[in-house]
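So in my numbering, spot 55 of the sequence shown is number 56, and the numbers just go up one at a time.
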Amino acid sequence: MAERIDWESRGKTIEQLIREQQSFENQQLLVELSLDSGETSKPISVVVKGRGTCVLMYVDNSLEEQG
């Protein structure tokens, strides 16, 4: 079994994430979130503070519209 890189299991702080995003030349890029190594991704809809963490959320309003 391959050893996990520290950030894979520990995650990143808001400061680390902002620093990485600031390194992108195009600051207008849309930010998306993937849970399957990039095979699929969804745009970040909402950023909330929850239980001592910053949570990036995708909200699918189409499910509401179908109901």
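Each residue gets a CB set at the ideal place from its N, CA and C atoms; glycine is no exception. Bear in mind the structure is a predicted one, so any value in this text is a computation, not a measurement.
Straight-line gap, residue i to residue j (C-alpha atoms, nearest Å)
| i | j | result |
| --- | --- | --- |
| R52 | M58 | 14 Å |
| E26 | R20 | 12 Å |
| V60 | V47 | 7 Å |
Residues bridged to residue i [DSSP beta-bridge criterion]
| i | result |
| --- | --- |
| G51 | T54 |
| L34 | K43 |
For residue i, the first and last residue of its enclosing alpha helix (DSSP H)
| i | result |
| --- | --- |
| Q28 | Neither: Q28 is in no alpha helix (DSSP H) and is coded neither H nor E. |
| E21 | I15 to Q23 |
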